[in-house]
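Enquirer: Chains as they are written, first to last, in full-length UniProt numbering: chain A, 1 to 445; chain B, 1 to 445.
Built from N, CA and C at the ideal position, the CB exists for glycine as well.
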């Protein structure tokens, strides 16, 4: 299947860098900036590196909890809550999009709509919201029974409808500011929402005027059935884990078809699979770096994380060289969170018979995203191939470590630019313009 | 009653500027910056003016709703949600404290604790949280029955206990970052909270390490009985509306005695009454400016706001020159929100027999805070008198308009400095240091 005609001619790139590398062992690697961990200056520097490389967006993933046991050997999730951090970064960057992850399960839609809209005002139209339903963290939010997957997605659908409705409260010309006549705004152009649904009751209007982008960009990363519908209905950017090119093409086709079914244009959804690039001077060098990173991982912690990805499988007694016996793995239908990721690890363990070490390597490097090792040229080739054949509209970069991040910008981006596959300057100002997606029309809601 | 020995030798000043003036009519006044309203640049400029004047804190009040009817003639609450805005301002200021208002009624304690802790990290120890229980906004948060005053304060007490407990999760030396040994943190120094109370169930730990300030500063502004207890237990800075010096002294004495009862030092609570200064070249000039501002107010809107301050009183048919007949005013005990403010307006209307215009003037200028008009010298005298006689540890400035804000910094601050009553340079770095209040010890919780 060739690229759809509506697809963009250049790929889109976002950076999800954690605190300088997403690999579990990255902080221990020579050249990591673990001493700067927890400073806003490190985050400013990462965002500015991404902006200097002309990326579409700086993407902040998030969890609302910390794994206390794993703290000994791995850095926990960011110090900084994404919306406050990105508001700070907005003052030190000019063009790059700023995407904050926030949970529909743990937040109130009025506050979330307001904070994302404020980020859009502060950044002059560069805000994005990555809507997640969360599969961990309930212990910090009073849930006595953890809502199941479908219930979380039902809430997420209603949540997103409230948020977008609130973002549409103000018409673009609602502000009058006529000193002499004493007319500040035109109340006829500021609309209540009066939402009264099964989970939320929100009157509105939002206390933030029209967003510079019309609406901030919604990003979605769920790949389950309800996740795909949520993405197709609301998201302009979809972040997905795809190992296989054919499956990725099928996924993109499915998302675009669903979007069309919801009355949207196929080109208004940009799908970016995750990519963890290990870049060496030679292919052998890249493989060596991959193994070095894996050697920095704490084995019991890594196996425990793998067990989580496998739906809470019992991996006790298994060594790194073992293949997991099928009886150890729970039935996919019983898994309530990150279901699509579970299906991937399940398949690699059962159909492809990957060893525990190889599975751990994938999990530790990029928690299940496409991970490739090679020279800059080989990485660029692999990316170009997927882009040209309609298996990706671009990528969310998940550099395993600080040095791989720098190498990607120094070595791979210039190759993509030479080939005409990536921008050589920012043409737009807003995230929506970088992605080439239109703003939903208020009337079409 | 003279100043208590524990009181500071210099006054503390915070600025609550709205968007350049808190008077209802301010946006219409010559020199207002209403054209810049909604830009982060305006807020940056206000914060920097306050920092150049060496103020302790830049204070952002907040509501989680917009009054759609009043939009025609008055600017609504800020575009910017306080925590995101102050995170942005942290990158453009160096020393001034940054205090964000956030509601205990509409928020989750884990998220709030995290965002304030992030602001403290971003600003390197300058964050404050003004904990409010909110008396409006329920329509945006699904409440079918609005919780009454006491219920809101019970929630607020538990909320504050959870937040401070989460802030204490990490011991100062919990981070190890030992690359070679593969030890990132010492889990024995990262503590769960395991809070299981009537309203919240929060396991912790927080996913933000120890705050630069030990704990961010808590600010409280309720003056009712449960409000005073909340302040005395948790707050390092208390913002209060006080017209009368004797009452203000009694209030401060009461708050400090309650704090002592909770095992705290009297000097660890700084009480700052609000102050709305109208500064003229002469006394007559100041009076003229006050009347000019009142003339810019929309009368029906102002009377409606006054009716709100009077607990929903029916003021229909009353003219500006009338005194409110006592039968129009509801019983104070039946009023559920902003009760102390209601008692003030009730007293002025019934005991002092203020006219509707005079009441509106107070409400529109500063919604009930101490409002004085005079020359810079007279304003400084009035402030000095209250400070020297123990009726204030300083003030939260509520300049009615942009020009009054500028005049205060240009004319009043230098007089206070000459008299040795206000700092001539920042001595500390954190908000806690500016206020001269110690950080609560984790062990004392």
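For residue 257 of chain A, count neighbouring Cβ atoms within 10 angstroms of its own Cβ and tell me buried if that reaches 16, exposed if not.
Expert: It counts as exposed.
Enquirer: Return the residue from the list A:50, A:392, A:330, A:188 that minimises the CA-CA distance to residue 94 of chain A.
Expert: Among A:50, A:392, A:330, A:188, the Cα nearest to that of residue 94 of chain A belongs to A:50.
Enquirer: Using a Cβ cut-off of 9 Å, which residues of the region 237-264 of chain B contact any Cβ in chain A, in chain order?
Expert: Taking 9 Å as the Cβ-Cβ cut-off against chain A, none of the residues of the region 237-264 of chain B qualify.
Enquirer: Just by C-beta distance, which residues in the region 11-36 of chain B are closer than 7 Å to chain A?
Expert: Against chain A - using a Cβ distance shorter than 7 Å - the residues of the region 11-36 of chain B are 27, 28, 34, 35.
Enquirer: Please go through the same chain and pick out, in chain order, the residues whose beta-carbon is closer than 7 Å to the beta-carbon of residue 61 of chain A, but skip the five residues on each side of it.
Expert: Correct list, in chain order: 16, 101.
Enquirer: What whole-angstrom Cβ distance do residue 345 of chain A and residue 309 of chain A have, given they're in contact under 8 Å?
Expert: Going by Cβ atoms, the distance from residue 345 of chain A to residue 309 of chain A rounds to 5 Å, so yes, they are a contact pair.
Enquirer: How close, in whole Å, do the beta carbons of residue 59 of chain B and residue 396 of chain B come, if the pair is a contact with beta carbons under 8 Å?
Expert: About 6 Å; that satisfies the 8 Å criterion.
Enquirer: Mind checking whether residue 134 of chain B and residue 105 of chain B have CB atoms under 8 Å apart?
Expert: Taking 8 Å as the Cβ cut-off, residue 134 of chain B and residue 105 of chain B qualify as a contacting pair.
Enquirer: Looking at the unbroken alpha helix (DSSP H) that takes in residue 214 of chain B, where does it start and where does it end?
Expert: Residue 214 of chain B -> no alpha helix (DSSP H), and no H or E assigned at all.
Enquirer: Among B:71, B:251, B:188, B:97, which one has its Cα closest to the Cα of residue 54 of chain B?
Expert: When each option's Cα is compared against that of residue 54 of chain B, the closest is B:97.
Enquirer: In whole angstroms, give me the CA-to-CA distance for residue 12 of chain B and residue 73 of chain B.
Expert: Taking the straight line from one Cα to the other gives about 34 Å.
Enquirer: Below 7 Å CB to CB, which residues in the same chain sit around residue 86 of chain B once its five sequence neighbours on both sides are set aside?
Expert: Around residue 86 of chain B: 60, 98, 100, 119.
Enquirer: Between residue 190 of chain A and chain B, is any beta-carbon pair separated by less than 8 Å?
Expert: Judged by the 8 Å Cβ criterion, residue 190 of chain A is in contact with chain B.
Enquirer: Check each residue of the region 92-116 of chain A: if its Cβ is closer than 8 Å to any Cβ of chain B, include it; give the result in chain order.
Expert: Here the close residues are 92, 106, 107, 108, 110, 111, 114, 115.
Enquirer: Beta-carbon of residue 503 of chain B versus every beta-carbon of chain A: anything under 8 Å?
Expert: An answer regarding residue 503 of chain B cannot be provided, because it is not within the stretch 1 to 445 covered by chain B.
Enquirer: Determine the contact status of residue 21 of chain A and residue 383 of chain A, defining contact as a CB-CB distance below 8 Å.
Expert: Against a cut-off of 8 Å, the Cβ pair of residue 383 of chain A and residue 21 of chain A comes out as no contact.
Enquirer: Within the 8 Å Cβ cut-off, does residue 289 of chain B reach chain A?
Expert: No, because no Cβ of chain A sits closer than 8 Å to the Cβ of residue 289 of chain B.
Enquirer: Determine the burial state of residue 42 of chain A: buried for a count of at least 16 other Cβ atoms within 10 Å of its Cβ, exposed for fewer.
Expert: With 16 or more Cβ atoms within 10 Å of its Cβ, residue 42 of chain A is classed as buried.
Enquirer: In chain order, what are the residue ranges of uninterrupted alpha helix (DSSP H) at least 4 long that sit wholly in the region 220-287 of chain B?
Expert: Listed in chain order, the complete alpha helix (DSSP H) runs (minimum 4 residues) inside the region 220-287 of chain B are 225-234, 245-261.
Enquirer: Could you please give the first and the last residue of the uninterrupted alpha helix (DSSP H) stretch that includes residue 31 of chain B?
Expert: Taken as a continuous stretch (DSSP letters only), residue 31 of chain B belongs to no alpha helix (DSSP H), as it is neither H nor E.
Enquirer: Residues of the region 203-214 of chain B in Cβ contact with chain A at a cutoff of 8 Å, in chain order, please.
Expert: If the cut-off is 8 Å between Cβ atoms, the region 203-214 of chain B has 203, 204, 205, 206, 207, 208, 209 near chain A.
Enquirer: Considering Cα atoms alone, identify which of A:39, A:187, A:178 is closest to residue 33 of chain B.
Expert: Of A:39, A:187, A:178, the residue nearest in Cα terms is A:178.
Enquirer: Does the region 233-242 of chain B touch the region 189-208 of chain B, meaning 3 or more C-beta pairs lie closer than 8 Å?
Expert: With a cut-off of 8 Å, the region 233-242 of chain B and the region 189-208 of chain B do not count as touching, because too few Cβ pairs lie within range.
Enquirer: Just by C-beta distance, which residues in the region 163-187 of chain B are closer than 7 Å to chain A?
Expert: Under the 7 Å Cβ criterion, the region 163-187 of chain B contributes 177, 179, 182, 183, 184, 185, 187.
Enquirer: Can you find a C-beta in chain B that's less than 8 Å from the C-beta of residue 140 of chain A?
Expert: Yes, contact with chain B.
Enquirer: Any heavy atom of the ligand ADP inside 7 Å of the beta-carbon of residue 174 of chain A?
Expert: Ligands are entirely absent from the displayed structure, and the ligand ADP is therefore not among its contents.
Enquirer: Under 8 Å: do the region 290-303 of chain B and the region 421-441 of chain B share three or more Cβ pairs, one atom per stretch?
Expert: Result no; under three Cβ-Cβ pairs closer than 8 Å.
Enquirer: Is the beta carbon of residue 333 of chain A closer than 8 Å to that of residue 206 of chain A?
Expert: Contact: no.
Enquirer: Residue 418 of chain B to residue 399 of chain B, Cα distance in whole Å?
Expert: When rounded, the distance between both Cα atoms is 22 Å.
Enquirer: So, is the C-beta of residue 69 of chain B closer than 8 Å to a C-beta in chain A?
Expert: Residue 69 of chain B counts as touching chain A.
Enquirer: Can you confirm whether residue 84 of chain A, when its beta carbon is compared against all beta carbons of chain B, has any partner nearer than 8 Å?
Expert: So, interface residue.
Enquirer: Write down every uninterrupted run of the beta strand (DSSP E) in the region 128-188 of chain B whose length is 3 residues or greater and which is fully enclosed by it, in chain order.
Expert: You should have 175-178, 183-185.
Enquirer: For the candidate residues A:436, A:228, A:289, A:155, whose alpha-carbon lies nearest to that of residue 23 of chain A?
Expert: Comparing Cα positions, the closest option is A:289.
Enquirer: Check whether the region 205-220 of chain B touches the region 147-157 of chain A, taking contact to mean three or more Cβ pairs, one atom from each stretch, closer than 8 Å.
Expert: Verdict: no, contact absent.
Enquirer: Relative to the C-alpha of residue 188 of chain A, which candidate in B:38, B:349, B:68, B:378 has its C-alpha closest?
Expert: Nearest option by C-alpha distance: B:68.
Enquirer: Would you call residue 19 of chain A buried or exposed, if buried means 16 or more other Cβ atoms sit within 10 Å of its Cβ?
Expert: Buried, since its Cβ has 16 or more Cβ neighbours within 10 Å.
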